[in-house]
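To start, the structure under review is shown below, and the notes come after it.
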Amino acid sequence: MKSKGLLSILTFSEKRKDILFLLEEKPCTLSGIKDYFNVSSPEISPRIKEMVNYNLIEKTDKHYQITPIGRAMIKHFRPFLEIIETIEKNESFWEEHYLGDIPQSMLDNLMDLKNCEVVSDSLENIYESHKTFTENIFKSSFLRGVSSIFIPTYPDFVVGMAERDVPTSLILTEKVYSKVRDEHREKLELYLNAPHTELFVIDDVKIAFVVTDVFFSMSLFFNPDTYDPRDDLVGYDESSLKWGSDLFDHYKGLSRQVTSI
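Per the working numbering, residue 42 is the first one in the sequence shown, and the count goes up by one each step.
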């Protein structure tokens with residue numbers, strides 16, 4: 042029962058959690074804590090007393106400070122909060138889409154996408170996000186991507202990048218690769234013969250994304266048979282770019298390289 046009480050101390054009170062985070066940074070007097078949260082003594086004192094009783098914080102002279110137990114708890118509690126906040130921020134995106142082809146190791150680090158936003162298009166203009174997509178691509182110095190869908194404008198677009206000597210590494214599903222090979226053979230040869238390009242083929246994967254030095258953009262399927270063309274999860278911060286790069290490396294390890302047709 043004691044452990045359940047200790048868990049509730051942090052999970053059932055935003056204020057207690059925030060006090061612990063504050064004292065993780067530096068010791069504070071009661072006056073300092075009140076000023077930081079802009080509250081009165083009757084509002085904050087019971088919270089502090091509870092945390093002292095559970096050995097999360099302690100008082101030394103006039104200052105409250107985090108205890109070793111409190112610091113150990115917060116080390117594990119912070120990632121827990123971050124992944125909850127990440128999911129809640131774009132809750133419908135994660136609830137409505139098929140996640141079966143994202144490896145569990147990547148989902149375990151989903152908090153790395155906490156700064157991402159969902160860019161959605163209306164049904165009348167479902168490809169408006171591709172304008173933002175192409176604008177970001179033109180700012181990028183390299184591109185890595187996985188595609189399980191075929192968009193008619195992309196062969197010209199990718200060949201254009203190759204001709205500008207932009208390092209480009211692509212992973213296509215077998216179906217997409219076959220379509221490009223059969224219907225855009227000349228463009229595929231131009232891409233393969235460019236000096237800074239790589240092409241890989243994977244059996245099948247229900248995800249589409251790109252990652253560059255500028256942004257990460259990912260679109261998913263509603264289910265294994267239905268692609269969602271409207272919603273893209275887009276991020277620009279370092280943790281989002283690393284998550285996307287790690288995901289690309291995962292699929293690259295499952296793919297075979299194509300050097301000629």
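Just so you know, even glycine gets a beta-carbon here, dropped at the ideal spot from N, CA and C.
Helix, strand or coil for residue i, going by three-state DSSP, please let me know.
| i | result |
| --- | --- |
| H104 | strand |
| R205 | coil |
| T175 | helix |
| L295 | coil |
| V242 | strand |
| N234 | helix |
| T300 | coil |
| F121 | helix |
| T194 | coil |
| V80 | coil |
Looking only at DSSP bridge pairs, what is residue i linked to?
| i | result |
| --- | --- |
| R185 | S210, V252 |
| D272 | S161 |
| I30 | For the chain, the structure presents residues 42 to 302; residue 30 sits outside this window and is missing. |
| F257 | V252, G276 |
| F262 | Y268 |
| T70 | H104 |
Buried or exposed for residue i, going by 16 or more other Cβ atoms inside 10 Å?
| i | result |
| --- | --- |
| F134 | buried |
| H138 | buried |
| P196 | buried |
| I50 | buried |
| T127 | buried |
| A203 | buried |
| K172 | exposed |
| S296 | buried |
| Y218 | buried |
| S82 | exposed |
| Y95 | buried |
| L229 | buried |
| R57 | buried |
| K247 | buried |
| M42 | Confidence at M42 is low in this model, with a pLDDT of 35, below 50, so the placement of that residue is unreliable and no value is reported for it. |
| R205 | exposed |
| T209 | buried |
Please name the residue in the options whose C-alpha comes closest to that of residue i.
| i | options | result |
| --- | --- | --- |
| L240 | D278, D76, Y292 | Y292 |
| I243 | F289, E224, D76, L63 | F289 |
| I107 | E65, N156, G294 | E65 |
| M360 | G276, T300, S86 | Nothing about residue 360 can be read from this structure; the chain reaches only from 42 to 302. |
| D254 | F183, D273, G201, Q298 | F183 |
| G353 | E123, V93, V252 | This structure cannot settle anything about residue 353, because the visible part of the chain is limited to 42 through 302. |
| V199 | T214, H237, M147, N156 | H237 |
| L148 | Y77, S161, E123, E158 | E123 |
| T214 | P208, R205, V207, F191 | F191 |
| Y268 | A249, S280, T194, L63 | A249 |
| F118 | D245, D59, P193, D266 | D59 |
| T194 | I89, T175, V207, N131 | T175 |
Return yes when at least one heavy atom of the ligand NAP lies under 8 Å from the C-beta of residue i, else no.
| i | result |
| --- | --- |
| P83 | You won't find the ligand NAP in this model; it holds no ligand whatsoever. |
- Message: Measuring CB atoms only, is the region 93 to 106 touching the region 62 to 77, in the sense that at least three cross pairs come out at less than 8 Å?
- Response: Taking 8 Å as the limit for Cβ pairs, the verdict is that the region 62 to 77 does touch the region 93 to 106.
- Task: Give a yes or no on contact between the region 223 to 241 and the region 259 to 269, applying the rule of three or more CB pairs nearer than 8 Å.
- Result: Under the three-pair Cβ rule at 8 Å, the region 223 to 241 does not count as touching the region 259 to 269.
- Query: Quick one: any contact between the region 213 to 231 and the region 271 to 287, if contact means 3 or more CB pairs under 8 Å?
  - Reply: Short answer: they don't touch.
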